[in-house]
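Protein chains in written order, with this note's numbering: chain A, 1 to 227; chain B, 1 to 513.
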Amino acid sequence: MSNELIEKIVDSVLQGRRNKDDEGIEEGMAGEPGVAELVREALDSGIETNDILLNGLSRGMELVGEKYETGEYFIPDMLTAAEAVEAGMEIMEPHLVKEGTAGGKGKVIMATVEKDLHDIGKNLVSIMLKGAGFTVVDLGIDVPAKRIVEAVEEEGAGLVGLSALLNTTMSNMGEVVKELESKGLRDKVKVIIGGAPTSEDFAREIGADSYGKDAFAAIREAEKLLK
Amino acid sequence: MSERGITVNKPYERLSREEIKMIDRASLDLLEKPGVLCYHEESVNLLEEAGATAKKTREGEHDAWWVSIPEKVVKGALSTAPSKVTLGARNPENQVVLDAEGKRVHFGSGSETNYWLEVKPETFVSKEDNREVVFPVMTRKRGNLDYLVRSAHLAEQLENLDFFIRNVNVQDEDITTGNKDVNVFFAALNNITKPVVSGVADYGQLENVVKMAEIIAGGREELVKNPIVSFITSVIKSPLQIVAETAEKLIAIAKLGLPVVISTSPQGGSTAPIDEIGMVAQVNAEALAGITINQLANPGAPVIYGAVPVRARMDDLHDMYGVPEFCHYNMDCAQMARYYKVPCYSTAGVGDAKVPGIQAAIEKMYTYSAVPFAAPGLVHYAFGLLDKTQTFCPEQAVLDNHKIGMVKFLYRESGVSEESVERTKKIVEEVMHSPYRMYARYARGMLRRGEIFGGFPFEGESEDQDQTLLKVHEKLKALEAAEPQHLAEEQCRKIFSEIPGLLPRLNPYKEDK
Chain A
1 MSNELIEKIV DSVLQGRRNK DDEGIEEGMA GEPGVAELVR EALDSGIETN
51 DILLNGLSRG MELVGEKYET GEYFIPDMLT AAEAVEAGME IMEPHLVKEG
101 TAGGKGKVIM ATVEKDLHDI GKNLVSIMLK GAGFTVVDLG IDVPAKRIVE
151 AVEEEGAGLV GLSALLNTTM SNMGEVVKEL ESKGLRDKVK VIIGGAPTSE
201 DFAREIGADS YGKDAFAAIR EAEKLLK
Chain B
1 MSERGITVNK PYERLSREEI KMIDRASLDL LEKPGVLCYH EESVNLLEEA
51 GATAKKTREG EHDAWWVSIP EKVVKGALST APSKVTLGAR NPENQVVLDA
101 EGKRVHFGSG SETNYWLEVK PETFVSKEDN REVVFPVMTR KRGNLDYLVR
151 SAHLAEQLEN LDFFIRNVNV QDEDITTGNK DVNVFFAALN NITKPVVSGV
201 ADYGQLENVV KMAEIIAGGR EELVKNPIVS FITSVIKSPL QIVAETAEKL
251 IAIAKLGLPV VISTSPQGGS TAPIDEIGMV AQVNAEALAG ITINQLANPG
301 APVIYGAVPV RARMDDLHDM YGVPEFCHYN MDCAQMARYY KVPCYSTAGV
351 GDAKVPGIQA AIEKMYTYSA VPFAAPGLVH YAFGLLDKTQ TFCPEQAVLD
401 NHKIGMVKFL YRESGVSEES VERTKKIVEE VMHSPYRMYA RYARGMLRRG
451 EIFGGFPFEG ESEDQDQTLL KVHEKLKALE AAEPQHLAEE QCRKIFSEIP
501 GLLPRLNPYK EDK
């Protein structure tokens, strides 16, 4: 029974179904239990949170990643799968808190820097980070350096992810690094940047720790930085 | 209804109804005066019996007739020409059903190039920094039977290729005028299950070619029902001259009841006026003259209005395909054919460029996007042609297959309906209340149903080199590895025992081949 439920969770993640109302990759699945309902059922039937997390949600995302690598899945599939995992994590959260294991792989502050209103890339990374088991605090777009640093302090985050799409706003990423230094937080938090005009060289130039050339690289880097 | 090709729901109409009528009038007037210069006595007799007047003359070493064809003869012939013509295929699912009043467009190959362009990746070392770089090296080879076999096999694999016109001229030592037609038709028919459309070089070989097709189709009646071979006759030598040997073939094919394209290819600036009205009035008159002879020979015989008007380069008078005038001429002809309710054979996708690359891509995409939008039934020359029509490159054909896929996608219906409007409103509302306000989830269904175009499949990884051709080369190798769809062994045995002149090396079942 427990194996069967876990397999159903994996399959629902692969189908990107948050709950019973969602269609899957294949049509005609609406009405069947999605990740939220299945996780609830698993918890009610006494399956351990660790089992649900590792063999259900995380395993599902791993398979999604493999399918992406082989070209079977595309970005929309990854995003919907990550959303499905997030829906499962919401159900899991009170239980994890109770067990003292909440927080997963670490806390990440995400923001598009000041004067920049673009958020597709930042949202993509936020959703994928959540799907990969990180706790994400997304500050949104056009966020001043001071506000980002405040959030790092308030949340006790281990990683800051900064996004910019414009040549004219990317320099504000450097402002965040400087602000972290001036508040004495730089050695407590890692900084990763991304966005079309940025590069590995630019990351080095402004004193960031890492550069994510795409969402998947960003997740891999986050895993390394918060290990 | 044919499943092949693509429907252009609202074809582009460059000419107004009044302009069409004016061109029709001009063409009919030209056919009456100066008329056509005909070198074929049987055609002259057919035209005279129908009401034309002819005056014998001498052109060099040949007898010829100035024939004045009155409007009633042309219109009479048009009234018997069928508006629907089926190009048969070894696999009946691959039949191309042409409807002059429909809007379905089909893409095919052509046109007996003398050269095959081979692409081979080679590694070079940069003198600047000793970097190793792989570049595609191209070599022009003379066309031969092996290349023809390869191109027919490739054409079978290209999903956007609907009909096959042989694209390589065979220049093997053992190919002669007397055995060329049977060998090239067999090379095509033995490697492709789509419609084969072709000219016949030697009138004397027509009977053997038809016999071969009958063996494959299962008899004369079956061949007429499913004409796995259709013919092209360049019966007109522009301006307005009817060629004796081709006219003879045209009449013979009409009497067999097999589909035939009346192909006329005047060059604007040399053998036709370069301006749009001048070119279209003349090429239209030429196509009508061919259709008239065809219908007088056998009223109701399947015939296709084939116009291949091109423009001359002003520096050397070579053909030019990738230019605006070419598109104007061809879009106009598509409308004229529709006006006469005769299926149209048109042209797009020829590169004037000598090799695959930026120039070829611009020229090809330009005409692909324009001419088919006028909804001619057939678009030939659409795969792999370069250097005007002198060179065929298989990698280019693979690239062109992708471009045609893009063009077909472009002509899709908008999908606007009451239901889709309601669905859109619901989705926007859902997304506006979701955490990230992203539509990715809703793109997924369309992605899976093939409703989202897949993008460019030959994108390279390099940041400082165009790797397209290298990627296409890999794709070509994969396509060429597919199992050939040969004729059945019994069919081949019968063909090789009954058709003279076939080269044993073409027989896939011959042990010591």
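Note that the Cβ used here is the ideal one computed from N, Cα and C, for glycine as well.
{"Check": "At a CB-CB cut-off below 7 Å, which residues of chain A make contact with residue 447(B)?", "Outcome": "74, 76"}
{"Check": "Write down every uninterrupted run of the alpha helix (DSSP H) in the region 75-120 of chain A whose length is 4 residues or greater and which is fully enclosed by it, in chain order.", "Outcome": "75-99"}
{"Check": "Any beta carbon from chain B within less than 9 Å of residue 224(A)'s own beta carbon?", "Outcome": "no"}
{"Check": "If you measure from the beta carbon of residue 126(A) to each beta carbon in chain B, is any gap under 9 Å?", "Outcome": "yes"}
{"Check": "Tell me the rounded alpha-carbon separation between residue 344(B) and residue 8(A).", "Outcome": "56 Å"}
{"Check": "Ignore the nearest five residues each way along the sequence and tell me which others in residue 186(A)'s own chain have a CB closer than 6 Å to its CB.", "Outcome": "180"}
{"Check": "How big is the Cα-Cα spacing for residue 469(B) and residue 365(B)?", "Outcome": "17 Å"}
{"Check": "Please classify residue 253(B) as buried or exposed, where buried requires at least 16 other C-beta atoms within 10 Å of its C-beta.", "Outcome": "buried"}
{"Check": "Mind checking if residue 1(B) is an interface residue toward chain A, Cβ cutoff 9 Å exclusive?", "Outcome": "Confidence is the limiting factor: at residue 1(B) the pLDDT is only 48, short of 50, which leaves the residue's position unreliable, though a coordinate-based value still follows. Not closer than 9 Å to any Cβ of chain A, the Cβ of residue 1(B) fails to qualify, so no."}
{"Check": "Taking Cβ positions, are residue 203(B) and residue 249(B) nearer each other than 9 Å?", "Outcome": "yes"}
{"Check": "Could you please give the first and the last residue of the uninterrupted beta strand (DSSP E) stretch that includes residue 576(B)?", "Outcome": "This structure cannot settle anything about residue 576(B), because the visible part of chain B is limited to 1 through 513."}
{"Check": "Would you verify that the beta carbon of residue 25(A) is, or is not, closer than 9 Å to some beta carbon of chain B?", "Outcome": "yes"}
{"Check": "At what residues does the beta strand (DSSP E) containing residue 33(B) begin and finish?", "Outcome": "First-last for residue 33(B): undefined, no H or E at that position."}
{"Check": "Counting only beta-carbon separations shorter than 9 Å, does residue 169(A) have a partner in chain B?", "Outcome": "no"}
{"Check": "Between 196(A), 89(A), 139(A), 43(A), which has its C-alpha nearest residue 111(A)'s C-alpha?", "Outcome": "139(A)"}
{"Check": "Determine the chain B residues that contact residue 123(A) at a beta-carbon separation under 9 Å, and present them in chain order.", "Outcome": "435, 436, 437, 438"}
{"Check": "Rounded to whole angstroms, what is the Cα-Cα separation between residue 410(B) and residue 402(B)?", "Outcome": "13 Å"}
{"Check": "When the Cα atoms are used, what is the spatial distance from residue 288(B) to residue 229(B)?", "Outcome": "23 Å"}
{"Check": "Taking the alpha carbon of residue 146(A) as the reference point, which residue from 55(A), 173(A), 128(A), 56(A) has its own alpha carbon closest?", "Outcome": "173(A)"}
{"Check": "Specify, as a first and last residue, the run of the beta strand (DSSP E) that residue 333(B) falls within.", "Outcome": "Element bounds for residue 333(B): not the beta strand (DSSP E) but the alpha helix (DSSP H), 324-340."}
{"Check": "Can you name the residues of chain A whose CB is closer than 7 Å to the CB of residue 443(B)?", "Outcome": "76"}
{"Check": "Using the beta-carbon of each residue, which ones in chain B are nearer than 8 Å to residue 16(A)?", "Outcome": "441, 444"}
{"Check": "Is there a Cβ of chain B sitting closer than 9 Å to that of residue 116(A), yes or no?", "Outcome": "no"}
{"Check": "Does the Cβ of residue 513(B) have 16 or more other Cβ atoms within 10 Å, making it buried, or fewer, making it exposed?", "Outcome": "A caution first: residue 513(B) carries a pLDDT of 49, below 50, which makes its placement in the model unreliable, though a value can still be read off. Exposed, because fewer than 16 other Cβ atoms sit within 10 Å of the Cβ of residue 513(B)."}
{"Check": "Please classify residue 433(B) as buried or exposed, where buried requires at least 16 other C-beta atoms within 10 Å of its C-beta.", "Outcome": "exposed"}
{"Check": "Examine chain B for any beta-carbon lying closer than 9 Å to the beta-carbon of residue 120(A), and answer yes or no.", "Outcome": "yes"}
{"Check": "Please return the same chain residues whose Cβ sits closer than 8 Å to the Cβ of residue 192(B), not counting the five positions on each side in sequence.", "Outcome": "90, 152, 153, 155, 156, 164, 485"}
{"Check": "Determine whether the Cβ of residue 4(A) lies closer than 9 Å to any Cβ atom of chain B.", "Outcome": "no"}
{"Check": "Pull up the distance between the alpha-carbon of residue 117(A) and that of residue 280(B), whole angstroms please.", "Outcome": "54 Å"}
{"Check": "Have a look at residue 122(B) and residue 134(B) and give me their C-alpha separation to the nearest angstrom.", "Outcome": "5 Å"}
{"Check": "I need the DSSP call for residue 68(A), collapsed to helix, strand or coil.", "Outcome": "helix"}
{"Check": "With 9 Å as the threshold, decide whether the Cβ of residue 22(A) is near any Cβ in chain B.", "Outcome": "yes"}
{"Check": "Could you check the C-alpha separation between residue 128(B) and residue 465(B) for me, to the nearest Å?", "Outcome": "15 Å"}
{"Check": "Out of 32(B), 110(B), 78(B), 92(B), point me to the one whose CA is closest to residue 346(B)'s CA.", "Outcome": "110(B)"}
{"Check": "Note down the Cα distance separating residue 261(B) from residue 231(B), rounded to an integer number of angstroms.", "Outcome": "6 Å"}
{"Check": "Can a CB atom of chain B be found closer than 9 Å to the CB of residue 203(A)?", "Outcome": "no"}
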